[in-house]
Amino acid sequence: MAEIVKIDPKVAKYGTGRRKEAVARVWIFPGEGKIYVRSSSGKEWEAPVYFEREILMERINRPFAVTETLGKFDVYATVKGSGKPAQAEAVMYGIAKALLQYNPDFRPVLKSAGLLTRDARVKERKKYAQMGARAKYRWSKR
């Protein structure tokens with residue numbers, strides 16, 4: 003799909019999602035339920051082919067399932083950083099925020115499903131004089 007997508011701010015609603023190192027910028031439009039994703043490496047919008055695994059697609063569609071709006075919105079998302087599972091969760095958080103912008107009455111439903119709370123767990127940094135974040139080099143007395 004090599005078409006240029008014009009995002010009209012009057013119709014589209016925007017949300018930013020983050021998870022680990024992944025950042026997703028998400029726009030939703032009233033539509034047929036199609037999800038287009040563009041990664042930082044690709045220049046074209048990819049239909050659901052980008053997230054091949056079914057569990058990732060279920061995770062992305064969770065905000066729609068919770069608010070009973072499945073198949074009513076088209077999603078355009080740009081993702082960068084981290085791996086595909088974290089990117090999928092970032093898109094999920096972005097969709098939840100955009101749905102909240104579309105209809106503020108969705109807040110209690112999304113909140114009770116845990117979709118408005120960012121998962122703040124990130125990789126722990128490597129420490130100096132150690133092999134990794136926690137693993138130490140083997141100690142020998144002599």
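Count the sequence shown with our numbering and you get residues 3 to 144, in order. No residue lacks a Cβ here, since even glycine has one placed at the ideal position from N, Cα and C.
For residue i, which residues from the same chain have a beta carbon less than 6 Å from its beta carbon, with the 5 sequence-adjacent residues on both sides left out?
| i | result |
| --- | --- |
| A115 | V68 |
| Y104 | K15 |
Residue i bridges to which residues according to DSSP?
| i | result |
| --- | --- |
| P32 | F75 |
| W48 | A small correction: the amino acid at residue 48 is Glu; Trp does not occupy that position in the sequence shown. Answer by DSSP bridge pairing, in chain order: V39. |
| G19 | A26 |
| V81 | A26 and S41 |
Have a look at residue i and residue j and give me their C-alpha separation to the nearest angstrom.
| i | j | result |
| --- | --- | --- |
| P87 | D121 | 13 Å |
| A100 | K15 | 5 Å |
| R21 | L117 | 12 Å |
| G35 | T71 | 9 Å |
| S142 | L112 | 54 Å |
| G44 | Y52 | 10 Å |
| L102 | I57 | 23 Å |
| A90 | M133 | 30 Å |
| K8 | F75 | 16 Å |
| K138 | A131 | 8 Å |
Using a Cβ-Cβ cut-off of 8 Å (strictly less than) and excluding sequence neighbours within five positions of residue i, which residues of its own chain qualify?
| i | result |
| --- | --- |
| M3 | For M3, the pLDDT reaches just 48, beneath the cut-off of 50, and the residue's location in the model is therefore unreliable, although a value from the coordinates is still provided. Here the set comprises Y38, E46, W47, E48 and A49. |
| V13 | F31 and P32 |
| F108 | T69, L101 and L102 |
Indicate whether residue i and residue j have their beta-carbon atoms separated by less than 8 Å.
| i | j | result |
| --- | --- | --- |
| G83 | E126 | no |
| G17 | A98 | yes |
Any contact of the segment 19–30 with the segment 79–86, i.e. 3+ C-beta pairs under 8 Å?
Yes, the segment 19–30 is in contact with the segment 79–86.
On the three-pair Cβ rule with 8 Å, is the segment 89–96 touching the segment 57–74?
With the cut-off at 8 Å, the segment 89–96 and the segment 57–74 touch.
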